[in-house]
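Asks:
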Amino acid sequence: MFVVGLTGGIGSGKSAVSKLFEQMAITVIDADQVAREVVEPGEPALDKITLRFGSEILLADGQLDRKALRKIVFETPAQRDWLEQLLHPLIRDRILLKLDQSDSEYAILASPLLLETDQHLLVNHIVVVDVDEATQISRTVARDSTDTEQVKAIIAAQISRDQRIIKADDLIDNSGSVDALTPLVEQLHKKFLDKAKQERESDLG
Numbered sequence: 000m001f002v003v004g005l006t007g008g009i010g011s012g013k014s015a016v017s018k019l020f021e022q023m024a025i026t027v028i029d030a031d032q033v034a035r036e037v038v039e040p041g042e043p044a045l046d047k048i049t050l051r052f053g054s055e056i057l058l059a060d061g062q063l064d065r066k067a068l069r070k071i072v073f074e075t076p077a078q079r080d081w082l083e084q085l086l087h088p089l090i091r092d093r094i095l096l097k098l099d100q101s102d103s104e105y106a107i108l109a110s111p112l113l114l115e116t117d118q119h120l121l122v123n124h125i126v127v128v129d130v131d132e133a134t135q136i137s138r139t140v141a142r143d144s145t146d147t148e149q150v151k152a153i154i155a156a157q158i159s160r161d162q163r164i165i166k167a168d169d170l171i172d173n174s175g176s177v178d179a180l181t182p183l184v185e186q187l188h189k190k191f192l193d194k195a196k197q198e199r200e201s202d203l204g
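Using numbering that gives the first Met the number 0, the first residue of the sequence shown is number 0, and each one after it goes up by one.
1) Can we say the stretch 121-135 touches the stretch 44-56, given the rule of at least three CB pairs closer than 8 Å?
2) May I have a chain-ordered list of the beta strand (DSSP E) segments no shorter than 3 residues that lie completely inside the stretch 84-113?
3) Rounded to the nearest angstrom, how far is the Cβ of Ala106 from that of Val2, given a contact under 8 Å?
4) What are the boundary residues of the beta strand (DSSP E) that includes Thr26?
5) Alpha carbon to alpha carbon, how far is Ala156 from Ile48? Give it in angstroms, no decimals.
6) Please state if the CB of Leu180 and the CB of Leu19 are separated by a distance shorter than 8 Å.
7) Count the other CB atoms within 10 Å of the CB of Val150; is the residue buried (16 or more) or exposed (fewer)?
8) Assuming Ala44 and Leu89 are in contact, meaning their beta carbons sit under 8 Å apart, how far apart are those beta carbons, in whole angstroms?
9) Helix, strand or coil for Val140 per DSSP?
10) Please say whether Arg138 and Thr6 have beta carbons closer to each other than 8 Å?
11) Between the Cα of Val37 and those of Asp161, Ser201 and Arg91, spot the shortest distance and give me the residue it belongs to.
12) Checking the sheet assignment: what are the DSSP bridge partners for Leu57?
13) Quick one: what does DSSP say Val72 is sitting in, helix, strand or coil?
14) Where does Val2 fall in DSSP's three states?
15) Out of Pro40, Gly12, Val27 and Leu183, point me to the one whose CA is closest to Asp60's CA.
16) Please return the same chain residues whose Cβ sits closer than 7 Å to the Cβ of Ala152, not counting the five positions on each side in sequence.
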């Protein structure tokens with residue numbers, strides 16, 4: 000299957016782009032959603048996280064308090080490294096399973112860490128959703144009620160905007176309105192349908 004990797008910094012608007020692809024009947028695998036699935040109650044990863052960080056990173060219903068955990072790991076790089084080593088292989092395996100189950104013409108893997116992890120090896124083509132840092136900060140603060148310094152720390156932990164752009168096969172400028180996104184995504188959709196067809200024909204040949 001032809002797989003498109005969709006990425007961008009925090010607050011860039013990956014979710015809005017993903018929704019537009021879904022409206023075109025394309026399977027979108029959201030790596031953030033997969034990351035939530037692997038730490039649900041009953042999953043071995045949650046038990047290991049609780050052992051390491053204590054029950055204070057759990058909500059009253061037993062779910063992971065992602066905001067509390069995020070604060071810890073972005074303040075302590077060693078803790079972030081431990082968490083990534085635990086979760087990244089689990090996330091990758093579940094992404095592969097979902098890709099295998101996809102039945103659309105091509106699939107989208109939407110991941111904020113596509114280029115920071117080996118997830119980029121799972122895709123044939125990379126699309127980067129791009130906005131400037133000031134927009135990233137303002138959108139994230141408004142969306143998550145997160146303080147500005149924490150958003151800056153998250154941005155600093157991700158690869159730079161320039162590095163992301165260099166690795167892009169296609170770039171979506173999302174500095175405008177959601178309505179401005181639609182024609183950009185429609186154009187890419189047609190391109191990916193053609194690429195997926197070429198991929199299938201190449202396999203058959």
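Heads up, the beta-carbon is just placed ideally off N, CA and C, and yes, glycines get one too.
Replies: From the atom records:
1) no
2) 106-109
3) Mapped onto the sequence shown, residue 106 falls at position 107. Mapped onto the sequence shown, residue 2 falls at position 3. With a Cβ gap of about 5 Å, Ala106 and Val2 count as contacting.
4) Along the sequence shown, one-based indexing puts residue 26 at 27. Its beta strand (DSSP E) spans residues Thr26 to Asp29.
5) Counting from 1 along the sequence shown, the entry for residue 48 is found at position 49. Counting from 1 along the sequence shown, the entry for residue 156 is found at position 157. Cα to Cα, the separation comes out at about 21 Å.
6) Start at 1 with the first residue of the sequence shown, and residue 19 comes out as number 20. Start at 1 with the first residue of the sequence shown, and residue 180 comes out as number 181. Result yes, Cβ atoms of Leu19 and Leu180 sit closer than 8 Å.
7) The residue given as residue 150 occupies position 151 in the sequence shown. Result: buried.
8) Counting from one through the sequence shown, the residue named residue 44 turns up at place 45. Counting from one through the sequence shown, the residue named residue 89 turns up at place 90. Their Cβ separation, rounded to whole angstroms, is 6 Å, which keeps Ala44 and Leu89 in contact under 8 Å.
9) The sequence position of residue 140 within the sequence shown is 141, counting from 1. Residue state, collapsed to three classes: helix.
10) Taking the first residue of the sequence shown as position 1, residue 6 is located at position 7. Taking the first residue of the sequence shown as position 1, residue 138 is located at position 139. Result no, Cβ atoms of Thr6 and Arg138 do not sit closer than 8 Å.
11) Taking the first residue of the sequence shown as position 1, residue 37 is located at position 38. Checking every option, the nearest Cα to that of Val37 belongs to Arg91.
12) One-based indexing of the sequence shown puts residue 57 at position 58. Beta-bridge pairing links Leu57 to Leu63.
13) The sequence position of residue 72 within the sequence shown is 73, counting from 1. Looking at Val72 - three-state DSSP - the assignment turns out to be helix.
14) Within the sequence shown, residue 2 is the residue found at index 3, counting from 1. Note: Val2 maps to strand in three-state DSSP.
15) Position 61 of the sequence shown, counting from 1, holds the residue named residue 60. When only C-alpha atoms are compared, the closest one is Pro40.
16) Counting from 1 along the sequence shown, the entry for residue 152 is found at position 153. Answer for Ala152: Phe73, listed in chain order.
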